[in-house]
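One structure is given below, encoded as structure tokens.
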Amino acid sequence: MDGKKLEYKGWVALKEIERLTEKADEVQETILKAILMQNGETEYLSKYMKGSKDVEEFKFHVPVITYKDVFPYIQRIATGEDSSLVTGHPVTEMLCSSGTSAGEPKLMPSIAEDLDRRTFVYNLIMPIMNQYISGLDEGKAMFLYFIKAEMSTPCGLPARTVLTSYYKSKHFKCRTRDAFNDFTSPDQAILCRDSNQSMYCQLLSGLVHRHQVLRLGAVFASAFLRAISFLERNWGRLCNDIRSGDLDPTITDPECRSCMSMLLTSPNPSLADEIEDICSNTSWKGILCHLWPRAKYIEAVVTGSMAQYIPSLEYYSEGKLPLVCTMYASSECYFGVNLKPLCDPADVAFTLLPNMCYFEFIHLGENGTWLVNKDEEGEVPNDKLVNLVNVRLGSYYELVVTTFAGLYRYRIGDVLRVTGFHNKAPQFQFICRRNVVLSIDNDKTNEEDLHKSITAAKKLLEPYGALLVEYTSYADTSSVPGHYVLYWEILHDASFPDSSAQLDVKLLQECCISVEEELDYVYRRCRAHDKSVGPLEIRVVESGTFEALMDFFIGQGASINQYKTPRSIKSNAALKLLNFHVKASAFSPRDPAWIP
């Protein structure tokens, strides 16, 4: 596709965003009417609406639900009953959640048209980016994408992650080839089921094209950092392949060997020497800029729990590459886009696209007051829901969606805060998953609380050349009173004086109390007054432990492409793995401050 056609395509996409957001209320009404027209005869809707397809009847009679409410219908479809239980169109596949956001994988029904909606969102990303960064059509993107081997339901429907579904679809494989989707990774490497062979071939491709790469990234920040760790362990082998022009014999996947043979057409010792000189440095600070000198930004999800990885990404890029978070999506539905992609990660806000589904919201409060009863998942009166255009600036909401594929007034579980509007469409900051908590007694600590407290405490490490690269937590109730345990993996900057020195107990104790001082009122009351929660403990684990934890969860069925480190551990086997690698620990030396 030539430059003028690309420019026109981008202009059309931006005009569509304006059209949708200027008429967000009308678009939403049209979407709900279309869903009811398509699905009004389903068993689920007939139960509540008695055959009516009226919008007001829907809002009055159809209840707000969670997964447990719709699961019996999904299970019946998975075992062979007709799709008309929940949707008027055939269910073509079941989409699995990541398996770490809510503990157990969930199956979400999906219809063929859903792929069109996802592709619509993907096609908006580059027109938005081109408004802020020029010349992105003059090189390649090194985006590291992965699939997970799909399963089947008892009736033969594919059961796979939403990203696996997309990468294996004709929408991805038969996409129009243009300068904006020119990836370094061959499709065969992306579609390889062996994640290690896929990673090896994708990194090798990225290194071969290192002087052409303009964009770096992966879906989640954690996946991109996993790639850097993989590169640290395997750069010698990768250099050997480039130097010899032959692929490492441990790569046995036929499709991978075929596509890489077209890349490694001849020995290239000078390129291998360049990469070897860079990778053999003691410190890998700024390694991304050295290996890919033309890169203009890193694209990955860095909101919510992924914000933990921002310091590591900045370390490996020396803070020279903007961290770009482009879209907001889930297995249930794709929701919206970031219209200001070069903003600070802390300020990322997503404009919800009113043609994706029908949006409603549970109002949680103003200025953080939603934190009271933040784990409550009781019934929500139908008349308490707020529609898309009537949310209020600064308020907190839980997202509720109605989709073409058969979810009706379904609670996604995400807590959002309204930060502004683009025309009539609200812009939301992702706060946290509502159901991620630590609890010993009356205390309830969610993902945002935990992240904020650790963000404050980890600053104490910086004067010692130490960087917190990963963490998780556990509510240890094996003794009375129970206490919070934080598992920290810490990176030492090799270029920093005395960086190899062990962190002493006193510093870890200071980190413990710093975390506790930042936790909420109820937690501090339980610790200081009620004595129902014991002193917080930090356990420092060996380097590579969280990579082993990821391997463990992937082995249990999680997707490498959608994997997010769980911020609270429930699995005994995972705890055993973490505890095996503990090399130092400390408890909080005193009670946190608490004023009645």
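First residue of the sequence shown? That's 1 in UniProt numbering, and the numbers climb one at a time after it. The C-beta atom is built at its ideal place from N, Cα and C for all residues, glycine as well.
Checklist entry - Taking only runs of the alpha helix (DSSP H) that begin and end inside the region 415-484, which ones reach a length of at least 4 residues, in chain order? => result 447-457
Next on the checklist: Could you tell me the alpha carbon to alpha carbon distance between residue 602 and LEU460, rounded to whole angstroms?
Outcome noted: Here the chain covers residues 1 to 596 and nothing more, so residue 602 does not appear.
Checklist entry - When you compare only the Cα positions, how much space is there between GLY406 and LEU85? => result 8 Å
Item to check | Whole-number beta carbon distance between VAL219 and LEU288, since they are thought to touch under 8 Å | outcome: Between VAL219 and LEU288 the Cβ distance is about 17 Å, and since that is not below 8 Å, they are no contact.
Checklist entry - Going by the beta-carbon positions, is the gap between SER543 and GLU462 smaller than 9 Å? => result no
Checklist entry - CA-CA distance, ALA13 and LYS424? => result 18 Å
Checklist entry - From ARG567, ILE275, ARG233, pick the residue whose C-alpha is nearest to that of ARG433; which is it? => result ARG567
Item to check | Where ASN446 falls, given that 16 or more other Cβ within 10 Å makes a residue buried | outcome: buried
Item to check | Where the alpha helix (DSSP H) through LEU577 begins and ends | outcome: 572-580
Checklist entry - To the nearest angstrom, how far is it from the Cα of VAL372 to the Cα of VAL540? => result Low confidence applies to VAL372: its pLDDT is 40, below 50, so where it sits in the model is not reliable, and the reading given next is rough at best. Going from the Cα of VAL372 to the Cα of VAL540 covers about 32 Å.
Checklist entry - In whole angstroms, what is the alpha-carbon distance linking ARG177 and LEU144? => result 18 Å
Checklist entry - Are the beta-carbon atoms of LEU124 and ASN130 separated by less than 9 Å? => result no
Item to check | Buried or exposed by the 16-neighbour rule on C-beta atoms within 10 Å, applied to CYS174 | outcome: exposed
Checklist entry - To the nearest angstrom, how far is it from the Cα of ILE278 to the Cα of ARG226? => result 19 Å
Next on the checklist: In this structure, how does DSSP classify LEU191 when only helix, strand and coil are distinguished?
Outcome noted: coil
Next on the checklist: Going by the DSSP bridge assignment, what does ILE111 pair with across the sheet?
Outcome noted: VAL91
Next on the checklist: Per the DSSP calculation, ILE151 is bridged to which residue(s)?
Outcome noted: Checking the displayed sequence, the identity of residue 151 turns out to be Met instead of Ile. Paired residues: ALA159.
Item to check | Closest Cα partner of MET262 within the set LEU271, VAL208, ILE228, TYR408 | outcome: VAL208
Next on the checklist: Could you give the first and the last residue of the continuous beta strand (DSSP E) run that contains HIS211?
Outcome noted: Element bounds for HIS211: n/a, residue is neither H nor E.
Checklist entry - When the Cα of LYS296 is compared with those of VAL401, MET306, TYR309, SER317, which residue comes out closest? => result SER317
Checklist entry - By how many angstroms is the C-alpha of ASN39 removed from the C-alpha of CYS357? => result 13 Å
Checklist entry - Taking buried to mean at least 16 other C-beta atoms within 10 Å of its own C-beta, is LYS570 buried or exposed? => result exposed
Checklist entry - Name the DSSP beta bridge partners of LYS140, please? => result VAL213
Item to check | chain C within 9 Å of ARG409, Cβ atoms only | outcome: Any reference to chain C falls outside this structure, which holds one protein chain only.
Checklist entry - Is ILE298 helix, strand or coil by DSSP? => result strand
Checklist entry - So, is TRP11 buried or exposed, given that buried needs 16 or more other C-beta atoms within 10 angstroms? => result exposed
Checklist entry - In whole angstroms, what separates the C-alpha of PHE546 from that of GLU470? => result 7 Å
Next on the checklist: For GLY394, tell me which candidate among VAL418, ASN387, MET306 has the shortest Cα-Cα distance.
Outcome noted: VAL418
Checklist entry - With a Cβ-Cβ cutoff of 9 Å, do GLN28 and PRO354 count as a contact? => result yes
Next on the checklist: Suppose you measure from the CA of ASP241 to the CA of LEU467; what does that come to, to the nearest Å?
Outcome noted: 33 Å
Checklist entry - Which runs of the beta strand (DSSP E), 3 residues or longer, sit entirely within the region 519-548? => result 537-541
Item to check | LEU342, buried or exposed, once every other Cβ within 10 Å from all chains shown has been counted against 16 | outcome: exposed
Checklist entry - Do you know offhand how far ALA223's Cα is from ALA349's? => result 22 Å
Item to check | TYR73, DSSP secondary structure in three states | outcome: helix
Next on the checklist: Just list the residues that DSSP pairs LEU399 with in beta bridges.
Outcome noted: PHE361
Checklist entry - What are the boundary residues of the alpha helix (DSSP H) that includes LEU238? => result 221-244
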